[in-house]
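Numbered by the UniProt record's numbering, the letters in the first sequence go through residues 1 to 488 in order.
Please read the structure below before turning to the comments.
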Amino acid sequence: MSEPNVVSWTALMAGYIDTGQPKMALWLFRKMPECSVMPNTFTFATVVNACSILADLKTGKKVHAQVEIFGFQSNLVVCSSLIDMYGKSNDVNEAHRVFDSMGYRNVVSWTSIITAYAQNAQGHDSLQLFREFNWSTSDRPNHFMLASVINACASLGRLVSGKVTHAMVIRRGHDSNDVVASALVDMYAKCGSIGYSSKVFRKIQHPSVIPYTSMIVGTAKFGLGKLSLELFQEMLDRGISPNDVTFVGVLHACSHSALVDEGLEHLNSMYERYGIMPDAKHYTCIVDMLGRTGQLDRAYSIAKSIQVKPDEGALLWGTLLSTSRLHGRVDIALEASKWLIESNQQVAAAYVTMSNAYALAGRWENVHGIRSEMKHSGVSKEPGCSWIEIKDFTYVFYAGDVSSCARGSEVVILLRELEGRMKERGYVGGSMGLVFVDVEEETKEEIVGLHSERLALGTFGDIFVLIIQHTFTLGPYSVVQVFNFLLK
DNA sequence: GTAGGGTTAG
Numbered sequence: 001m002s003e004p005n006v007v008s009w010t011a012l013m014a015g016y017i018d019t020g021q022p023k024m025a026l027w028l029f030r031k032m033p034e035c036s037v038m039p040n041t042f043t044f045a046t047v048v049n050a051c052s053i054l055a056d057l058k059t060g061k062k063v064h065a066q067v068e069i070f071g072f073q074s075n076l077v078v079c080s081s082l083i084d085m086y087g088k089s090n091d092v093n094e095a096h097r098v099f100d101s102m103g104y105r106n107v108v109s110w111t112s113i114i115t116a117y118a119q120n121a122q123g124h125d126s127l128q129l130f131r132e133f134n135w136s137t138s139d140r141p142n143h144f145m146l147a148s149v150i151n152a153c154a155s156l157g158r159l160v161s162g163k164v165t166h167a168m169v170i171r172r173g174h175d176s177n178d179v180v181a182s183a184l185v186d187m188y189a190k191c192g193s194i195g196y197s198s199k200v201f202r203k204i205q206h207p208s209v210i211p212y213t214s215m216i217v218g219t220a221k222f223g224l225g226k227l228s229l230e231l232f233q234e235m236l237d238r239g240i241s242p243n244d245v246t247f248v249g250v251l252h253a254c255s256h257s258a259l260v261d262e263g264l265e266h267l268n269s270m271y272e273r274y275g276i277m278p279d280a281k282h283y284t285c286i287v288d289m290l291g292r293t294g295q296l297d298r299a300y301s302i303a304k305s306i307q308v309k310p311d312e313g314a315l316l317w318g319t320l321l322s323t324s325r326l327h328g329r330v331d332i333a334l335e336a337s338k339w340l341i342e343s344n345q346q347v348a349a350a351y352v353t354m355s356n357a358y359a360l361a362g363r364w365e366n367v368h369g370i371r372s373e374m375k376h377s378g379v380s381k382e383p384g385c386s387w388i389e390i391k392d393f394t395y396v397f398y399a400g401d402v403s404s405c406a407r408g409s410e411v412v413i414l415l416r417e418l419e420g421r422m423k424e425r426g427y428v429g430g431s432m433g434l435v436f437v438d439v440e441e442e443t444k445e446e447i448v449g450l451h452s453e454r455l456a457l458g459t460f461g462d463i464f465v466l467i468i469q470h471t472f473t474l475g476p477y478s479v480v481q482v483f484n485f486l487l488k
């Protein structure tokens with residue numbers, strides 16, 4: 001073309017984005033002024049989209065400034081693309097500022113802001129905005145919006161809200177949409193209802209790699225390692241190629257069900273058979289798997305050989321630290337915590353876990369040393385917590401020190417008894433952990449009534465004892481398997 | 001010629 005106009009420039013940029021080359025779109029955008037072609041709203045929406053894909057906040061902000069200079073700040077499409085860009089670049093506050101500035105909004109702009117919150121671990125705000133959308137507009141949610149809302153429910157573990165959203169999906173006729181179905185499969189698994197996951201999954205006509213991966217990950221987290229690997233095989237038999245995330249699920253299944261040989265075989269097959277290079281997240285699973293089964297030296301040498309970015313290292317070395325503590329390997333725990341502290345990653349958690357490793361080894365002088373060091377340097381750890389939604393109330397549980405709680409000594413007796421039963425049935429591993437809380441009588445009845453069989457063993461006098469122990473201290477056993485032990 | 005959705009390790 002002798003004189004390409006703004007449409008030709010924009011079309012070319014969009015073409016590069018469609019073919020996975022967003023950087024080329026940005027390059028073209030910078031070239032435009034040299035040819036005296038002025039960008040318009042279409043151009044800006046496209047360029048902002050390129051920044052969004054790259055999660056390039058710095059460039060995104062510069063482009064946003066230009067949007068203002070050109071006076072396009074009230075354009076609906078440009079604003080939606082900006083909200084999306086800020087969301088994907090993890091700047092939710094800025095996304096909300098753009099959303100607030102809009103005089104007119106449609107389903108897309110609402111979806112962009114709901115998604116921004118859902119994808120940035122702010123599920124509550126995401127759901128609140130969804131409610132606001134429903135009563136403030138006459139528009140109805142479509143499959144894009146519903147997929148994001150289901151994602152928010154999944155991240156919060158909110159089964160009831162998830163079911164309500166599922167009902168909306170059915171009512172609006174979106175239940176055959178494969179993206180919505182994948183979101184539902186994931187949501188039910190994360191809300192503890194793997195049976196519903198499976199039901200939704202089996203209704204998908206031609207499941208792609210993503211719903212398969214959701215099922216593989218879901219069953220893996222439930223401690224159903226064998227089933228997880230069967231699903232993987234089924235996927236391969238149907239000619240669907242796994243991706244890097246699928247292998248995270250497969251390796252996770254192996255580590256959480258103590259399938260060491262299978263895990264190593266899958267790791268080796270990744271590149272050979274499927275051309276997928278194992279990276280830090282896969283090696284983290286392998287380190288976890290070897291660590292859980294007590295092969296700490298092997299796990300340590302693998303961790304040392306992996307090149308990692310700081311955030312990947314936080315997980316890799318954090319995993320090694322956890323399993324070292326579990327098996328009382330103070331030497332390796334020390335190396336792992338050193339890596340974390342020197343890289344300024346998860347510093348408080350590293351101190352606490354290291355202190356616990358020393359405590360397990362009876363090295364109390366070191367425990368006190370770490371605690372005073374923490375105090376001195378002002379490092380403090382936010383306690384972790386779990387929560388469960390029962391009817392319309394959310395119960396939050398903090399890991400507690402048994403001895404400092406009401407009737408703690410009786411709880412310890414109960415715990416030792418449960419531990420004894422587990423050992424009789426072949427459980428090997430460290431001491432059981434426990435989370436317990438005093439609740440109102442009627443609340444207890446409500447909870448116990450709902451899960452009477454499961455919680456019968458967990459109720460102790462007027463103290464409601466909830467055994468929530470992460471697979472991590474249960475060695476190769478999952479919490480579901482432990483429940484099964486106890487109920488037999 | 002333009003904007004929105006699903007899977008990821010401790």
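All residues carry an ideal CB built from backbone N, CA and C; glycine is no exception.
Nearest residue (CA-CA) to residue i, options the options
i, options, result
"K226", "R363, C35 and L259", "L259"
"E382", "Q346, R363 and S355", "Q346"
"G60", "L82, T293 and T10", "L82"
"E234", "H96, M270, Y212 and Y283", "Y212"
"F222", "I240, D186 and V179", "D186"
"G275", "C254, S241, S301 and C285", "S241"
"L316", "S109, R292 and I286", "I286"
"G328", "I341, N356 and A314", "N356"
"S161", "D175, C79, Y188 and S343", "Y188"
"C35", "E3, H174 and S301", "E3"
"G362", "H266, V330 and M145", "V330"
"D237", "D244, S255, V245 and P207", "P207"
"Q73", "F44, E419, R421 and E262", "F44"
"S138", "V107, A154, Q122 and L159", "V107"
"I158", "A147, S176, G192 and D175", "Sequence check: residue 158 is Arg here, not Ile. If we check each option's Cα against that of R158, G192 comes out closest."
"G103", "V78, E424 and Q119", "V78"
"I194", "S176, D178 and S228", "S228"
"Y300", "N268, Y271 and W339", "W339"
"Q119", "G87, R97, R105 and N5", "G87"
Expected contact under 8 Å - CB spacing of residue i and residue j to nearest Å
i, j, result
"L360", "I332", "At roughly 13 Å, the Cβ-Cβ gap does not stay under 8 Å, so L360 and I332 are not in contact."
"V47", "F29", "5 Å"
"A65", "V92", "Not really, about 20 Å apart at Cβ, beyond 8 Å."
"A55", "S89", "5 Å"
"E80", "S112", "Reading the sequence as shown, one finds Ser at residue 80 and not Glu. Contact flag correct, Cβ pair sits at about 5 Å."
"M145", "I114", "6 Å"
"L321", "S337", "6 Å"
"L224", "V200", "With a Cβ gap of about 17 Å, L224 and V200 do not count as contacting."
"S155", "A121", "7 Å"
"V379", "Y351", "6 Å"
"T284", "R325", "The pair is not a contact, with the Cβ atoms about 16 Å apart (cut-off 8 Å)."
"H252", "A220", "5 Å"
Buried/exposed call for residue i, threshold 16 Cβ in 10 Å
i, result
"P141", "buried"
"H368", "exposed"
"G239", "exposed"
"E94", "buried"
"K31", "exposed"
"R292", "buried"
"A11", "exposed"
"N151", "buried"
"D288", "buried"
"H124", "exposed"
"N75", "buried"
"Y196", "buried"
"P310", "exposed"
"M215", "buried"
"I204", "buried"
"H376", "exposed"
"W27", "exposed"
"G420", "exposed"
"I210", "buried"
"I69", "exposed"
Residue i beta carbon near the ligand ADP (any heavy atom closer than 7 Å)
i, result
"A116", "Ligands displayed in this structure: none; no statement on the ligand ADP is therefore possible."
Alpha helix (DSSP H) segments (min. 4 residues) lying fully within the segment 107 to 142
107 to 118 and 123 to 136
Inter-stretch contact (C-beta, 8 Å, three-pair minimum) for the segment 123 to 133 and the segment 166 to 184
no
Any contact of the segment 278 to 287 with the segment 297 to 306, i.e. 3+ C-beta pairs under 8 Å?
yes
Ordered list of beta strand (DSSP E) runs contained in the segment 314 to 339, each at least 3 residues:
none
Note down, one range per segment and in chain order, each alpha helix (DSSP H) of at least 4 residues found wholly within the UniProt repeat "PPR" (5 to 39).
6 to 18 and 22 to 31
So within the UniProt repeat "PPR" (208 to 242), which uninterrupted alpha helix (DSSP H) runs reach at least 4 residues, ignoring any that extend past its ends?
209 to 221 and 225 to 237
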